[in-house]
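Notes to accompany the following structure.
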């Protein structure tokens with residue numbers, strides 16, 4: 010069983026797409042380990058602020074199967090097939106970690122954003138703080154402790170998700 014960590018982001022109809030993403034992941038993978046929800050400004054382009062969080066799953070699927078599943082969920086909830094890298098998103102689901110695999114192609118694992126974006130590292134440290142980065146060999150708690158917290162404005166957004174009803178309360 011593979012241990013996988015996924016980042017979820019949305020800056021279009023954020024509450025609805027947060028619920029859509031969580032519900033779709035729950036339907037496919039069952040139990041989800043959730044970080045807190047964070048809000049921060051768009052990075053790399055001018056746009057509305059994002060909701061971001063990290064989700065942990067356990068799966069028998071291969072890396073390629075998980076990647077295909079996440080892409081299908083994004084598209085189902087309105088992400089254009091040809092979406093630009095730095096643009097607004099209904100739903101953005103990225104594999105951050107897949108066990109201790111290190112890859113450059115066809116996708117980068119672990120994702121570089123873990124080390125550069127507070128909205129990825131902070132929630133990852135919350136739910137996988139004692140795990141070590143496969144390349145840095147430091148725990149995610151250690152990496153978060155060393156991270157320059159002045160680089161990005163980020164704040165927690167209180168929320169509740171009920172997996173039995175699929176409702177999100179902010």
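Residue numbers (my numbering): 10 to 179.
Idealized CB from N, CA, C, for every residue including glycine.
The shortest C-alpha to C-alpha distance from residue 63 to any of 113, 159, 21 and 126 is the one to 126. Residue pairing by DSSP places residue 47 opposite 61 and 165 in a beta bridge.
By the Cβ criterion, the segment 87-104 is in contact with the segment 53-63, since at least three pairs of Cβ atoms, one from each stretch, lie closer than 8 Å. By the CB criterion at 8 Å, residue 106 and residue 118 fall inside the cutoff. Check the Cα spacing between residue 154 and each of 171, 37 and 132: the tightest is with 132. Within the same chain, and ignoring the five residues on either side of residue 24 in sequence, the residues whose Cβ sits closer than 7 Å to its Cβ are 177 and 179. Shown here, residue 108 sits in coil according to DSSP, grouped into three states, outside any helix or strand.
For the set 15, 139 and 31, the Cα lying nearest the Cα of residue 173 is the one of 31.
When only Cα atoms are considered, residue 26 and residue 164 end up about 19 Å apart.
By DSSP's assignment, residue 170 forms a beta bridge with 177. Here the C-alpha atom of residue 168 lies approximately 11 Å from the C-alpha atom of residue 48.
Burial is judged here by how many other beta carbons sit within 10 angstroms of a residue's own beta carbon; residue 13 has at least 16 and is buried.
With fewer than 16 other beta carbons inside 10 angstroms of its own, residue 81 counts as exposed. The alpha-carbon of residue 36 is positioned some 12 Å away from that of residue 78.
Between the beta-carbon of residue 104 and that of residue 76 there is about 6 Å, and that keeps the pair under the 8 Å contact cut. Counting of Cβ neighbours within 10 angstroms places residue 129 among the buried residues, the total reaching 16 or more.
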